[in-house]
Each structure stands twice: as C-alpha cells, then as structure tokens.
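In this note's numbering, the protein residues as written are 218 to 690.
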Amino acid sequence: MFKLDGFFTSGLMFDDSQQDLKNRYQMVNIGILLSACGLIYGIIGNYTRGISGFIPIELTLLCMNFIMFFALRRYRQFFEFFAITMTLQYTFLFLFLIYVGEPSDLKHLWIFTYPIILLYFQKTVHAVYWLVFILFMLMIAPLQTFLETKYSMYQVTYISFVLVIVSIIIYFYQRKIDEARCIILEKQNMLRNFNKELEKQVKDKTTELIKLNESLELKVEQKLEELRSKDQILEAQSKQAVMGEMISMIAHQWRQPLSTITLQIANLQFKQLLGKDRNSEDIDDALSNISDTIVYLSDTIDDFQAYFHPNKEILGIEIHDLLQRAVNFAISRVQDRGVKISINNIADINVTTYINELIQVILNILNNAIDAHVETKTKNPSITLNVKAVGEKVLIYIEDNAGGIKSENLPHLFEPYFSTKGKNGTGLGLYMSKMIIEKQFGGEIDVVNANGGAIFIIKIPKNITLGNKNTLL
C-alpha cells in the first residue's frame, strides 16, 4: 500500500530525535517535485511562445531534479549536497524573477517564500549566509550593467527590507518550535527512561512474586502434607479406638453363644456320666442348637469383618437395613445396661453410599449416647433412630434422653481430642465422624439439645456417585 509520508522521506525511517532531519527530507523532496513541475511548465510555455533559448537549461535542471529525487533514496550521505543544490536552484530562480521581471508582474512576491526554503533546506548558520547573498544580489540589481532591470533602488530596498522582516519572524517562530520540540523530546526521554525503570521494577517485583509464590506453594504443600499426616494419624487412632470397642463387643456378644454351646455339650456329657441313654433325638437337638449358635458366631464375624474391610466401596442398601446393622453392633453394650435402642417405622429409602463408613459414624454416636446414659444413670434410658428423605438428601436423626450436652461443650464437640469422658475418652470418635461425613460424603453433621436429650442430625446425599464423591483423608 502506498504511503505518502514514506514517499516524501525517501523511504527512510527516523526516530523522535531526528524529527528535524525528517522535516528537511520532506521539504527537499517537495521542493524537487515543485521545481520539476515548474520546469516542465516553463519548457511547455517557452516552446509554445517560440522561446527556445532557455529550454536546454530547463531540461538540464529537470534531469538533475529527477536524479536527485531517486538518489536521495539510496545515498543518504549526499543529502546535504542535494539540499545545497536545491537552495541554489531556488536562489537563482528568485533572482531571475527580479532581474528579468517587471514590478507590475508581481512575480517578485515569490521571493518572500525564500526564508521558508532556507529554513528547511539549510541549517540556521548556513541559512544566514544564503540570506546575505540574496540580499546582496538584490541590492546590486539596479546598479549592475550586465542586465537591464526594471526595479528601482527603492523597490529592491523595500523588497529586501520585507524579506529581512519575514526572515526574522520565521526565525523566531522556528526557534520557539525548536525549543518546544526540545522540551517534548526531553520529556519523552524522561518518560522513556521512567518506563524502562518501571518495567525493570515490575520485572523485579514479578520475579520476587514468582519466587514468593513458589515458596508459598512449597510451604502450603508442606502444611498440607503435615495436615494429611495428622489426619492419617487421627484416623488410625480413631480406628484403633473403635477396633478396641469392637473387640470388646465381639467378646461380649460371643459370651452368651459360647455359654450355650458349652451348656449343650455339658448336658450331653452329664447324661453320659449318669448313665442315661442318649437317644438320637437328644443328640440331634443338641447338634442343631450348637450348629445354629456357630452360624450366629460366623455371621457376627462376617459383620465385623465387613465393617473393617479396607476397601471403601459405594453400594446400594435400604436405609433401615443399614441402621439395623449399626444397632446390631451396639446391642451387646446395652443388654446389661437397660438401654433401649429402637428404629422408628420408616418408609423404604434406598441409598447408594459408603455403607461401612456410615455405620462407623452411626455407631460412634450410639456409643456416645450409651456412655451418656451410663454416666447420668438415666431412668428408662432410650435411643431412637429416625430417617427422613428431603429431595435428594437423607436426614438421619439419632436422639437420646440422657439430659443433653452442656452448652459450653457444644461448640467444641467435633474438635479433635475433645472429650467429656476424661481419661476414658480419646476425643476422636465425633471428630472422625465429622471428617467422614463432610469430606467423603459431602454432607453435614450437627447436634442440638431437645426433648431432654441430644439429637444428632446427619445429612447426606441419597446417591454418592463416582463423579461427586470426595476422597477421605
């Protein structure tokens, strides 16, 4: 695409500090083109009027102009020479208008553009010499005898005076422009230096921020690792505490079935010692009872083994069956304490969830309720489980009548190592229950005092899918 600005600067590039040189290039190119146009016009005019004496000179000057115009685009070092050549052309042109013209033609008015030509074609020091030269040539025009001039001494003096006045005005105007340009360039340099310094500071600060960010990321990762380790330790301690309770439950739950087996075997041995006949029916009954008891013991082992299974699987189950499993684990603790655990009649609600983990949470709450009954020696102690479905959520309520939790203990109930049981409590059961519900189920757990006791409320999704499950710490 043709760019006019590049055309008049000979296709050269200039920075801000070379603005004056750029302006001179533009004016020299414009001067060459104007001179060429004037020469072409003069050649045509002289040819039509039959004046052939000036045509060779005009053709020579025209060729010189074209040579200079294209040479400027390749030989930048000759710019000053070409500027002097163009100054010389216009100087002789203006003198020619005075020496051969008539005042009535008013062609002498063109000479008042001479200061502008000097302004751009020559540097200030050299321009003074050119101005003195043309003034000298003007003043001797009426005095010389080589050419007859039509201008009187008064007229050339007047023209010279006006030319000097115009030159002075243009000089001071240009000086103001130069001063303003210098100030602008100075401010631009200051701004450029400021921008460089600012960029350096931004770069340094960015580097510092990157290093600080990397350091913070490392520290955060270390803290997260410490927290993960801490949570793993807490989980292990919690499981150990639960496992101890479970082993105690197993021992307690097996005591009665083992006593039954021992009694059946002792009964057969006693009959043998007494010499009584043992018919096949008695033996079959005894073996059947023993077999049923062994199956019960095996089922108990299967339940506990499933509870401590290391794999966390998402399985479907009816919520009543899940609650019953949790109650079965705790039943051995309440048999000799008179605590009644009941599950209210609830509609069939199917859930897809982490069964063992939810049982662990419910069992932790049941054990706390049992301990509260033992501590307060509640009259007619009871624990009631209830379930309600709300949209895609399931709410499990575990309510006791053991007097509730002290108000000052409520805010700290789910904190690690917080226990109201003294040395008998680890302070991990409810904390791990909260962690499991929030981090693995994406749910909530809370507790309130009501109806003469405490109500634990567990809120979890009905269906935990692989897409929205969280990872247990």
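By construction, the Cβ of each residue, glycine as well, lies at the ideal position given by its N, Cα and C atoms.
The continuous beta strand (DSSP E) containing Y614 extends over residues 610 to 617.
In the DSSP assignment, L335 falls within the alpha helix (DSSP H) that extends over 331 to 338. Beta-carbon to beta-carbon, A300 and Q339 are separated by about 7 Å, close enough to satisfy the 8 Å threshold. In the three-state scheme derived from DSSP, where H, G and I count as helix and E and B as strand, L630 is classed as coil. According to DSSP, residue pairing for L602 in a beta bridge involves I560, I615. If you draw a straight line from the Cα of H343 to the Cα of T277, it is about 26 Å long. With respect to F658, I582 sits apart: the two C-beta atoms are not nearer than 8 Å. When secondary structure is reduced to three states using DSSP, I675 falls in the strand class. Contact between G670 and G621 holds, since their C-beta atoms are separated by about 6 Å, short of 8 Å. DSSP lists I674 as the beta-bridge partner residues of D663. Less than 8 Å separates the beta-carbon of L314 from that of I328. Of the residues I579, L602, P598, the one whose Cα lies closest to the Cα of M649 is I579. Cβ atoms of I675 and I613 come within 8 Å of each other, at about 4 Å.
Between G533 and T479, the gap from beta carbon to beta carbon reaches 8 Å or more. Rounded to the nearest whole angstrom, the C-alpha separation of T330 and E275 is 21 Å. Boundaries cannot be given for T595, as no beta strand (DSSP E) includes it and DSSP labels it neither H nor E. Taken atom to atom, the span from the alpha-carbon of N430 to that of K656 is near 27 Å.
It is roughly 31 Å from the alpha-carbon of T593 to the alpha-carbon of I677. Non-local C-beta neighbours of S559 in its own chain, meaning closer than 8 Å and more than five positions away in sequence, comprise S599, I600, T601, L602, ordered along the chain. In this structure, V373 is the residue among V373, R291, E297 with its C-alpha nearest to the C-alpha of E319. Membership of G262 in the alpha helix (DSSP H) is indicated by the continuous run 236 to 266.
Between I386 and V379, the alpha-carbon positions lie close to 11 Å from each other.
Secondary structure within the region 280 to 344: the alpha helix (DSSP H) runs of 4 or more consecutive residues, fully enclosed, are 296 to 317, 331 to 338 (chain order).
Annotated as proximal: M303 and G248, with beta-carbon spacing under 8 Å. Less than 8 Å separates the beta-carbon of Y316 from that of A358. Proximity of the region 278 to 285 to the region 253 to 268 meets the contact definition, three or more beta-carbon pairs being nearer than 8 Å. The continuous alpha helix (DSSP H) containing G646 extends over residues 646 to 652. Taking 8 Å as the upper bound for CB-CB distance, D232 and L402 are not in contact here, some 10 Å apart. Residue burial annotation: D617 is buried, with at least 16 other C-beta atoms found within 10 angstroms of its C-beta. Across the set I394, V544, I482, M652, the C-alpha of M652 shows the shortest separation from the C-alpha of L444. Residue pairing by DSSP puts N567 in a beta bridge opposite E535. Here T423 is exposed: its Cβ has fewer than 16 other Cβ atoms, across all protein chains shown, within 10 Å. Counting only the Cα atoms, V664 lies some 11 Å from S624. The Cβ atoms of L355 and S369 lie no closer than 8 Å to each other. With fewer than 16 other beta carbons inside 10 angstroms of its own, H629 counts as exposed. Here DSSP, grouped into helix, strand and coil, assigns N585 to helix.
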